[in-house]
Structures are given as C-alpha cells and as structure tokens.
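Novice: Just so we're aligned: the sequence shown equals residues 75 to 351 in the working numbering.
Glycine residues also receive a C-beta, built at the ideal position from the N, C-alpha and C atoms.
This one's a predicted model, so the numbers in the text were calculated from it and none came from an experiment.
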Amino acid sequence: MPRLFRSVATFLVFCVLSAGSAWAADVDAWRTVFATPQELAAIAEPMVCILTIQHAEIIRRQLADKPAAAYSGARLRERVQRQSGLRCVVVHFTEVRGEDLDRGNVKAILITGRSKTSGPDVDAKFYPLIRTTQIPVFGFCGGMQLIGRAYGANVGPLRKLREGEKDPNPNYHPGQFKEWGFLPVRIVKRDPLFAGLPDELVVRQAHAFQVRQVPAEFELLASSPDCEVEAFKHRERLVYGTQFHPEVNDDDHPHGRVILENFFRLVGLGPKPAAGH
Numbered sequence: 075m076p077r078l079f080r081s082v083a084t085f086l087v088f089c090v091l092s093a094g095s096a097w098a099a100d101v102d103a104w105r106t107v108f109a110t111p112q113e114l115a116a117i118a119e120p121m122v123c124i125l126t127i128q129h130a131e132i133i134r135r136q137l138a139d140k141p142a143a144a145y146s147g148a149r150l151r152e153r154v155q156r157q158s159g160l161r162c163v164v165v166h167f168t169e170v171r172g173e174d175l176d177r178g179n180v181k182a183i184l185i186t187g188r189s190k191t192s193g194p195d196v197d198a199k200f201y202p203l204i205r206t207t208q209i210p211v212f213g214f215c216g217g218m219q220l221i222g223r224a225y226g227a228n229v230g231p232l233r234k235l236r237e238g239e240k241d242p243n244p245n246y247h248p249g250q251f252k253e254w255g256f257l258p259v260r261i262v263k264r265d266p267l268f269a270g271l272p273d274e275l276v277v278r279q280a281h282a283f284q285v286r287q288v289p290a291e292f293e294l295l296a297s298s299p300d301c302e303v304e305a306f307k308h309r310e311r312l313v314y315g316t317q318f319h320p321e322v323n324d325d326d327h328p329h330g331r332v333i334l335e336n337f338f339r340l341v342g343l344g345p346k347p348a349a350g351h
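(1) Report all residues from its chain with a CB closer than 7 Å to the CB of Tyr-145; omit the five preceding and five following residues, and keep chain order.
(2) Compute the Euclidean distance between the alpha carbons of Ala-269 and Gly-159, then round it to the nearest angstrom.
(3) Going by C-alpha distance, which of Arg-339, Glu-321, Arg-134 and Phe-337 is nearest Arg-151?
(4) Using the rule of at least 16 other Cβ atoms within 10 Å of the residue's Cβ for burial, across every protein chain shown, is Gly-178 buried or exposed?
(5) Given this structure, state the Cα-to-Cα distance separating Pro-111 from Val-313, to the nearest angstrom.
(6) Which one or two residues does DSSP pair with Thr-126 in a beta bridge?
(7) When DSSP labels each residue in this structure, what does Ile-183 get in the three-state scheme?
(8) Between Ala-142 and the rest of its own chain, which residues show a CB-CB distance below 7 Å, the 5 nearest in sequence each way excluded?
(9) Whole angstroms are fine: how far does the CA of Gly-249 sit from the CA of Leu-235?
(10) In terms of residue numbering, what span does the alpha helix (DSSP H) encompassing Ala-144 cover?
(11) Just curious, the alpha helix (DSSP H) that Glu-113 is in, first and last residue?
(12) For the region 223 to 234 and the region 289 to 298, state whether three or more C-beta atom pairs, one from each stretch, are separated by less than 8 Å.
(13) For Phe-337, which residues of its own chain have a beta-carbon under 7 Å away from its beta-carbon, when the five flanking residues on both sides are left out?
(14) Exposed or buried, which one is Gly-260 when buried takes at least 16 other CB atoms within 10 Å?
(15) For Tyr-201, which residues in the same chain have their Cβ closer than 7 Å to its Cβ, ignoring the five residues on either side in sequence?
(16) What is the C-beta distance between Ala-130 and Thr-168, in whole angstroms, given that I count them as a contact (C-beta under 8 Å)?
(17) Let me make sure I understand the geometry here. Which of Asp-195, Glu-119 and Phe-214 has the alpha-carbon closest to that of Val-180?
(18) From this set, Leu-232, Ala-116 and Val-122, which residue's C-alpha is nearest Ser-344's C-alpha?
(19) Classify Val-303 as buried or exposed, calling it buried when 16 or more other Cβ atoms lie within 10 Å of its own Cβ.
(20) Where does the unbroken beta strand (DSSP E) through Phe-292 begin, and where does it stop?
(21) What residue range does the beta strand (DSSP E) around Ile-261 cover?
(22) Nearest to Phe-306 by alpha carbon, out of Lys-199, Cys-215, Val-170 and Val-196?
(23) Could you check what DSSP says for Thr-316 in three-state terms: helix, strand or coil?
(24) Whose C-beta lies closer than 7 Å to the C-beta of Ala-96 among residues of the same chain, with five residues either side of it excluded?
(25) Within this structure, are the beta carbons of Val-163 and Ile-117 separated by less than 8 Å?
(26) Determine the burial state of Pro-258: buried for a count of at least 16 other Cβ atoms within 10 Å of its Cβ, exposed for fewer.
(27) Write down the C-beta distance between Gln-155 and Val-229 rounded to the nearest angstrom, noting that I regard them as a contact closer than 8 Å.
(28) Spell out the partners DSSP gives Val-154 in its beta bridges.
(29) Report all residues from its chain with a CB closer than 6 Å to the CB of Ile-204; omit the five preceding and five following residues, and keep chain order.
Shown next as structure tokens:
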C-alpha cells in the first residue's frame, strides 16, 4: 500500500507540474506578443500602438499552434516598426483602457480586425478614445467596424448566399456571403491615403459583416460591388477605416502596403534613412 500511495502521489505531482508548465508556457507566449498597461506606461520613447480586438480564446489557440514569433500580431508588429520607423507595441483590448493609449508619445493607433467579438461592453470602453483622441487612428476590418459603432453606425451581415453561390469559407458564418481573398475595391473619393495608387485597388478581404452607413462625421472613400463602405475618413481628424486588410499584402498584391506607407507619411512617420544617406 505505501508503494501504491507513493506512485499515486508521484503521478499527481507530475500532473500538477505539467499543468503548471503548460499554463506558464501559455502566459509566456501571450506576454511575448502583448504588453501590459504597466509596460506601456513605462515606455517614454515615441511609438505606434496596435490595439488587438480579436477574441482572446482565438489568439491563445493560435499561439498554442505556432511559435509566438510566427503569430500574425507579432509579424504585424515587425512590419509596422519597419514602415513607421518607430517602436511598435501590441496590446489586447481586454487588458487596457482607452486612456492607457491616449498618451503624448503614442504617434498612431492601429486597430486590428477580428473573427469573434468579446461583447459590447469591451468595445464600448474604447468609444470615448475613438471619438476624442487627437492621435491618428486607422482601423482594419473589425477595427473599422469598431470606429463606426463608436459614432453610432449600424454594423450587420452583408447578405445571405444566393442559390448556387459558393461559400469561400464555410466554417466562418456559414450561409452568409463573404468578401474573401484579394478582390477589387473602387476609390470613390481621392485622398492622400491612396497616393500613387490606381482608382481600382486589389486588396485582401476577409469579412461577412459591414458598416451599413457612413457616420455623419465621416466621408466615404472607397466601395465595392458587394460592400458600399469599404473605406472612410473622419472629416476633421486623422481617423481612417478600411473594411479590407491593408496589413495583409504581398509582392503580387502591394496596394495594402502602399496604403499603410501613405498613412504613416500622413502622420509624419516613416523609416529612417540608412546611415550615410
């Protein structure tokens, strides 16, 4: 019996240590990507903040499946640092408040997209920041929808799939029409955000929902046949939103990269010249 008790005790200790190690690894992976409010407050140098609004559960699954450095948020941080020339800090919107971001050394705020919401209460705590900050803001996809909601716009599904119409992603809102993949978007009002680009963009889409109307404080910049509000801009402040994902681009589809470069140029940022130039 004593030997059995020792075996059981050893097994229980192993389980506790294994669970603790898994929990610690999960926390470490999360903290590799997301800064705490205290870490954010301790940074004195100029920076760009990425406000991630994806549901935490989905991010944790992604971090469990791949190294933290391969997570899309970490890769976006590296690209933003190159394009803006500033340090880039990523925060998760369940861990910060709007006032944590409204700081003099934050030179721009990027709001990500999401495939699952965390509830209206979490969204609403950022409405005052979006409506009042003088910091330039750029929201992508769900980030644009968050901006729209902050100004009273209705957000809803695009439409139902028509009979015989193929679903490009049946696992995401099945039965709903989606804009998915690199697709054309038409500029309806020229803006410095689109400098150097043709009237028809080809940009990455991944959404089943849309901002149904442009808030009164904004003007429409771009549309597509299936989504009227593809891009908008605040009439008085540097607040932009795109329903598409300019942060997702490649050599064959560079328009999103140019849009981000133009945004940082509007903000007064950009990569620093190499030494000797």
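Specialist: This is what the structure gives:
(1) Val-107, Gln-136 and Leu-137
(2) 20 Å
(3) Glu-321
(4) exposed
(5) 23 Å
(6) His-166
(7) strand
(8) Ala-103, Thr-106, Val-107 and Ala-148
(9) 6 Å
(10) Looking at the DSSP string, Ala-144 is not in any alpha helix (DSSP H), and its letter there is neither H nor E.
(11) 111 to 116
(12) yes
(13) Phe-212, Leu-267 and Tyr-314
(14) In the sequence on display, residue 260 carries Arg and not Gly. Exposed is the call here.
(15) Ala-224
(16) 6 Å
(17) Glu-119
(18) For the sequence presented, residue 344 should be read as Gly rather than Ser. With distances taken between Cα atoms, Gly-344 lies closest to Val-122.
(19) buried
(20) 292 to 298
(21) 253 to 261
(22) Cys-215
(23) strand
(24) Because Ala-96 sits at a pLDDT of 44, beneath the cut-off of 50, its placement in the model cannot be relied upon, and the following sentence gives the value as read from the coordinates. Once the five neighbours on either side are set aside, Ala-96 has no close Cβ partner at all.
(25) yes
(26) exposed
(27) The Cβ separation is near 31 Å, so there is no contact.
(28) Paired residue(s): none; Val-154 is not in a bridge.
(29) Ile-221 and Ala-224
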